[in-house]
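Student: Dropping the structure in here first, questions after.
2 protein chains.
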Amino acid sequence: MGRQRSFDTDHVIEQAMLLFWERGYEAASMAELSAAMGLNPPSIYAAFGNKQALFERCTAHYVKHVAAYAPRALDEEATAAKALRRLVSEAIEAFCTEQRPKGCLLISAATNCGKGSECAQELLAGYRQASESMIADRIRRGIADGDMAVSVKPDLLAKFVSVLIQGFAAQARDGATADALHGVANLALRQVEVSL
Amino acid sequence: MGRQRSFDTDHVIEQAMLLFWERGYEAASMAELSAAMGLNPPSIYAAFGNKQALFERCTAHYVKHVAAYAPRALDEEATAAKALRRLVSEAIEAFCTEQRPKGCLLISAATNCGKGSECAQELLAGYRQASESMIADRIRRGIADGDMAVSVKPDLLAKFVSVLIQGFAAQARDGATADALHGVANLALRQVEVSL
DNA sequence: ATTATTATTTACCGATCACTACACAAATGT
DNA sequence: ACATTTGTGTAGTGATCGGTAAATAATAAT
């Protein structure tokens, strides 16, 4: 009962996510978010609670609709080495496309935070930790499957891949081209393919 | 003539730099900077102009007193490969020490910026570009000196090293230990030493 | 039609933002 | 001693921050 919503939740979350992605959590003001979403502040607060809760909805939306390539890349390839290379390659494409903000929301949206935003920082740090764990798990599976050398240390190699992806996100924000970053990825992952 | 300053410029710039380093450009408020520097706002503005100019002084101080290891590492080693390895190793130590904020001010202090802070963003982007160029120049010198294979592409390898360093800065902010990152660096730079 | 419930709009809240006017304190030049 | 110059402290500027009270509009149940 009662009046029905005049907006599509997924659409306004998408708009808010794009602004958070470009500006970061703190620098995206509620006034800008309100304009981008096409909603007056009371509608936003009635629907989502507060800025922190809105940001959590946006990060979940990002994980589901933007970063979905990551678990797919890790799951769909036959070997761990191919999975890692595809993960890195698709990350580069996602970070450098002209259609959306450069870089990665989970990596770059809460690096500069004042006293009131530790929640956002911890939220994204958790996503980054989970991502690194997923990579390590895929490497362990590769060793168990026999397609990766037993001498490989899963946590170490997973951190290497995380470092690469985080570095690529920073480079994409600075205007690096996808071509240049693919070249770096070839250089960086060469040894992984020859099985280390 | 006139009244003399009651504070040491280098000391208050150091305090401001530490706060910018930890919080980032926008999230470090003038009130916090004022408290950290032990100066009332009018003294800060009289001495340094405005927030943007203060930030420029702090970044210059950082380059001179914190990041000084970088040009030294590149200059003092006999071969390009050793120079790159020492650069990366000292960067890791600088990013992970408990004595100061984690990570790198030039990489992380202006990633989330609103509409009034493009200047700070461009300032740091310029330092990052200069750093990558310095690395590429050292690689070119190594090739000319005959201590690095002529097949190496200087700009590509320099971008690889930059990606590593930027990734390490992000990892350090997330609490990674120096040991873990040194391990990743060994993995990443192995092929550079066997001359690629 | 009436009532209850929910959404949207307008206008505004106290707090904090970067920044400064103004008075006063401390030094130098004559 | 006196005038001039410059730094410091108090207090406050308009603007913007995240968030909301109150009135109105639109739907549902009765």
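Those protein sequences? They're chains A and B, same order as listed. Going by our numbering, the first sequence wraps up at 196, each residue one higher than the last. Going by our numbering, the second sequence wraps up at 1196, each residue one higher than the last. Every residue gets a Cβ at the ideal spot worked out from N, C-alpha and C, and that includes glycine.
Hey, out of A:Phe55, A:Thr177, A:Lys115, A:Leu74, whose CA is closest to Ala158 (chain A)'s CA?
Tutor: Answer by Cα proximity: A:Leu74.
Student: Within 10 angstroms of the Cβ of Ala1035 (chain B), are there 16 or more other Cβ atoms? Answer buried if so, exposed if not.
Tutor: exposed
Student: Note down, in chain order, all residues in the region 19-32 of chain A with a beta-carbon under 9 Å from any beta-carbon belonging to chain B.
Tutor: Cβ contacts with chain B: Arg23, Gly24, Tyr25, Glu26, Ala27, Ala28, Ser29, Glu32.
Student: Within the same chain, show all residues whose beta-carbon is closer than 7 Å to that of Cys58 (chain A), passing over the 5 residues directly before and after it, in chain order.
Tutor: Ile13, Ala16, Met17, Phe20
Student: Can you list, in chain order, the residues of its chain whose CB lies under 6 Å from that of Arg23 (chain A), leaving out five sequence neighbours each side?
Tutor: none
Student: Give me, in chain order, the residues of the same chain whose beta-carbon lies closer than 8 Å to that of Val1192 (chain B); leave out the 5 immediate sequence neighbours on both sides.
Tutor: Answer for Val1192 (chain B): Ala1081, Leu1084, Arg1085, Leu1157, listed in chain order.
Student: Less than 8 Å between the C-beta atoms of Gly175 (chain A) and Gln1166 (chain B), yes or no?
Tutor: no
Student: On the CB-based measure, 16 or more other CB atoms within 10 Å of its CB, does Glu1026 (chain B) come out buried or exposed?
Tutor: buried
Student: Please tell me whether Thr111 (chain A) has its Cβ less than 8 Å away from any Cβ of chain B.
Tutor: yes
Student: Short check: CB of Leu87 (chain A) to CB of Leu106 (chain A), under 8 Å?
Tutor: In this structure, Leu106 (chain A) does not lie closer than 8 Å to Leu87 (chain A) by Cβ.
Student: Give me the residue from B:Ala1109, B:Met1134, B:Phe1007 with the minimum Cα distance to Asn1040 (chain B).
Tutor: If we check each option's Cα against that of Asn1040 (chain B), B:Phe1007 comes out closest.
Student: Short of 8 Å in beta carbon distance, which residues of its chain neighbour Ile139 (chain A), apart from the five on each side in sequence? Order them along the chain.
Tutor: If we look at Ile139 (chain A) and ignore the five residues flanking it on each side, its Cβ neighbours are Ala80, Leu84, Met148, Val152, Pro154, Leu157, Ala158.
Student: By the DSSP assignment, the alpha helix (DSSP H) with Thr1079 (chain B) in it spans what residues?
Tutor: Segment: none, Thr1079 (chain B) is in no alpha helix (DSSP H) and carries neither H nor E.
Student: Could you confirm whether any beta carbon from chain B is found closer than 8 Å to the beta carbon of Gln191 (chain A)?
Tutor: yes
Student: Answer with yes or no whether the minimum CB distance from Val1163 (chain B) to chain A is below 8 Å.
Tutor: yes
Student: Expressed to the nearest angstrom, what Euclidean distance is found between the alpha-carbon atoms of Gly1146 (chain B) and Phe1160 (chain B)?
Tutor: Near 21 Å, if we compare the C-alpha coordinates of Phe1160 (chain B) and Gly1146 (chain B).
Student: Would you say Ala1180 (chain B) lies against chain A (beta-carbon separation less than 8 Å)?
Tutor: yes
Student: Just checking: is the beta-carbon of Leu1187 (chain B) within a distance shorter than 8 Å of some beta-carbon in chain A?
Tutor: yes
Student: Between Leu123 (chain A) and chain B, is the shortest Cβ-Cβ distance under 8 Å, so that the two count as touching?
Tutor: No, because no Cβ of chain B sits closer than 8 Å to the Cβ of Leu123 (chain A).
Student: Identify which residue in B:Gly1002, B:Tyr1127, B:Glu1093 has its Cα closest to the Cα of Arg1173 (chain B).
Tutor: B:Glu1093
Student: Do Ala169 (chain A) and Gly103 (chain A) have their CB atoms nearer than 8 Å?
Tutor: yes
Student: Which runs of the alpha helix (DSSP H) at least 4 residues long sit entirely within the region 1001-1079 of chain B? Give them in chain order.
Tutor: 1009-1023, 1030-1037, 1041-1048, 1051-1065, 1069-1076
Student: Going by DSSP, what residue range makes up the alpha helix (DSSP H) through Val161 (chain A)?
Tutor: 154-173 is the span of the alpha helix (DSSP H), which, as asked, contains Val161 (chain A).
Student: How would you list, in chain order, the residues of chain B whose beta-carbon sits under 7 Å from the beta-carbon of Leu156 (chain A)?
Tutor: Gly1183, Val1184, Leu1187
Student: Whose C-beta lies closer than 8 Å to the C-beta of Arg141 (chain A) among residues of the same chain, with five residues either side of it excluded?
Tutor: Ala80
Student: Using 10 angstroms around the beta-carbon of Lys64 (chain A), count the other beta-carbons present and answer buried if the total reaches 16, otherwise exposed.
Tutor: exposed
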